[in-house]
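Participant: Residue numbers (the working numbering): 117 to 428.
1) How many whole angstroms separate the CB atoms of residue 261 and residue 235, which I take to be in contact at a CB cut-off of 8 Å?
2) Please say whether residue 340 and residue 286 have beta carbons closer to each other than 9 Å?
3) What did DSSP end up calling residue 117 once you bin it into helix, strand or coil?
4) Are the segment 146 to 159 and the segment 175 to 191 in contact at 8 Å, needing three or more beta carbon pairs?
5) Take residue 209 and list the residues in its own chain whose beta-carbon comes closer than 6 Å to its own, dropping the five residues that flank it on each side.
6) Exposed or buried, residue 117, counting other C-beta atoms within 10 Å across all chains shown (16 or more means buried)?
7) Which value, in whole angstroms, describes the spacing of the CA atoms of residue 330 and residue 346?
8) Using only alpha-carbon positions, find the residue among 369, 418 and 376 that is nearest to residue 98.
9) At which residues does the beta strand (DSSP E) containing residue 352 begin and terminate?
10) Which same chain residues, not among the five before or five after residue 288, have their C-beta less than 7 Å away from its C-beta?
11) How is the beta strand (DSSP E) around residue 378 delimited, first residue to last?
12) Exposed or buried, what is residue 317 when buried is set at 16 or more other beta-carbons lying within 10 Å of its beta-carbon?
13) Would you mind listing the beta strand (DSSP E) stretches within the segment 285 to 323 that are 3+ residues and don't spill past its ends, in chain order?
14) Judging by CA-CA distance, which residue of 244, 266 and 248 is the nearest neighbour of residue 254?
15) Would you tell me roughly how many angstroms separate the C-alpha atoms of residue 264 and residue 396, rounded to the nearest one?
16) Does the segment 409 to 427 come within contact of the segment 380 to 387, defined as at least 3 CB pairs closer than 8 Å?
17) If residue 359 and residue 306 are in contact, beta carbons under 8 Å, what's the gap, nearest whole angstrom?
18) Express the C-alpha separation of residue 197 and residue 386 in angstroms, rounding to a whole number.
19) Determine the DSSP secondary structure at residue 230, reduced to helix, strand or coil.
20) Flag this pair as touching only if the segment 207 to 227 and the segment 348 to 367 have three or more C-beta atom pairs under 8 Å; answer yes or no.
21) Are there 16 or more other CB atoms within 10 angstroms of the CB of residue 178, so buried, or fewer, so exposed?
Now the structure itself:
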């Protein structure tokens, strides 16, 4: 007899708890369950491309590692319609989403590609960090998401040199002749960092089989992006998931098949930073993957993975 939807969700919950416990360093399952039930708190980023506004009273503590980032003293639902948000002076974004841009370290004058750019939070952060003086290309493979990206960039006063509407698995062919100093690949992933055990809907699409399908997609996109990177350039690979198949395993595969790639340390101490996974399902990963950043779930910084790759 086939399992009911409720029974399938129970099985999936147990799978996620067990996998998370191992991925977070072999912690007890009950500790993994507690982490997976954390209610995440949104944060906001001050958009430095806009003239300064009077500081809203709901801005909380500043993040020391991201000076334009703040905690909130009110629920995010209470500020979504505020003037500061609607005019683009402030952008609602989980703090973890700032990490790929900080790791990328964009500079004025550089050619920068955001491979999976929509809805544009990280793209606009790149523009802000370079004061609109980088040449930014923003790509997405969804027409509706690309339209939302363009609307957001307009509202946030972010200058984008080119918007492209390409399948990321074909990007090197589509952008043949273009080479970039830096590339951001915030890859499509299973989104475990945004899941909560208490939310049934979070398990509608999640499965180990889906993770493995995404892994193959991530490998293909990373290979395409690498071909567009200049020698000496930097590529940031990031996901908002804890699945080692989508993180260390992708980087391990990539390093073994690209002699011109090596990982670089991303030296940022965060309270929820833990060591990368060294092996998974009996396969040991390259020591180079230990330079990657892996984050456990926490109230203000969701689970995340960041890898800094440099082309020799």
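Think of the CB as a built atom: it goes at the ideal place given N, C-alpha and C, for glycine as much as any other residue.
Facilitator: In short:
1) Here residue 261 refers to the residue found at position 145 of the chain shown. Here residue 235 refers to the residue found at position 119 of the chain shown. Yes, residue 261 and residue 235 are in contact; Cβ-Cβ is about 7 Å, under 8 Å.
2) Stepping through the chain shown from its first residue, residue 286 is reached at position 170. Stepping through the chain shown from its first residue, residue 340 is reached at position 224. Against a cut-off of 9 Å, the Cβ pair of residue 340 and residue 286 comes out as a contact.
3) Here residue 117 is taken as the residue at index 1 of the chain shown, counted from 1. For residue 117, the pLDDT reaches just 44, beneath the cut-off of 50, and the residue's location in the model is therefore unreliable, although a value from the coordinates is still provided. Residue 117 carries a coil assignment under DSSP once its states are collapsed to helix, strand and coil.
4) In short, these stretches touch, since the Cβ pair count reaches three.
5) Within the chain shown, the letter at position 93 stands for residue 209. Excluding positions up to five away in sequence, the list reads 161 and 237.
6) As a first step, residue 117 must be located in the chain shown, where it is residue number 1. Low confidence applies here, because residue 117 scores a pLDDT of 44, under 50, leaving its location unreliable and the question unanswered by this model.
7) Numbered from 1 along the chain shown, position 214 holds the residue referred to as residue 330. Numbered from 1 along the chain shown, position 230 holds the residue referred to as residue 346. The straight-line gap from Cα to Cα measures roughly 26 Å.
8) Only positions 117 to 428 of the chain appear in this structure, which leaves residue 98 out of reach.
9) As a first step, residue 352 is located in the chain shown; it is residue number 236 there, counting from the start. In the DSSP assignment, residue 352 falls within the beta strand (DSSP E) that extends over 345 to 355.
10) Sequence index remark: in the chain shown, residue 288 carries index 172 (1-based). Excluding positions up to five away in sequence, the list reads 340, 343 and 344.
11) Working through the chain shown from its first residue, we reach residue 378 at position 262. Taken as a continuous stretch (DSSP letters only), the beta strand (DSSP E) holding residue 378 covers 377 to 380.
12) Position 201 of the chain shown, counted from the first residue, corresponds to residue 317. Counting Cβ neighbours within 10 Å, residue 317 comes out exposed, since fewer than 16 surround it.
13) Runs of the beta strand (DSSP E) lying entirely within the segment 285 to 323, each at least 3 residues long, are 296 to 302 in chain order.
14) By 1-based counting over the chain shown, the position of residue 254 is 138. Minimum Cα-Cα distance from residue 254 among the listed residues 244, 266 and 248 corresponds to 266.
15) Counting from 1 along the chain shown, the entry for residue 264 is found at position 148. Counting from 1 along the chain shown, the entry for residue 396 is found at position 280. Their backbone Cα atoms lie some 38 Å apart in a straight line.
16) As far as the Cβ criterion goes, the segment 409 to 427 touches the segment 380 to 387, which means the pair count is three or higher.
17) Translated into the one-based positions of the chain shown, residue 359 becomes position 243. Translated into the one-based positions of the chain shown, residue 306 becomes position 190. About 6 Å separates the two Cβ atoms, so the contact holds.
18) Taking the chain shown and counting its residues from 1, one reaches residue 386 at position 270. Taking the chain shown and counting its residues from 1, one reaches residue 197 at position 81. Rounded to whole angstroms, residue 386 to residue 197 spans 31 Å at the Cα level.
19) By 1-based counting over the chain shown, the position of residue 230 is 114. In the three-state DSSP reduction, residue 230 falls in the strand class (E or B).
20) Contact between the segment 207 to 227 and the segment 348 to 367 is present: 3 or more CB-CB pairs across the two stretches fall below 8 Å.
21) In the chain shown, residue 178 corresponds to position 62, counting from 1. Exposed is the call here.
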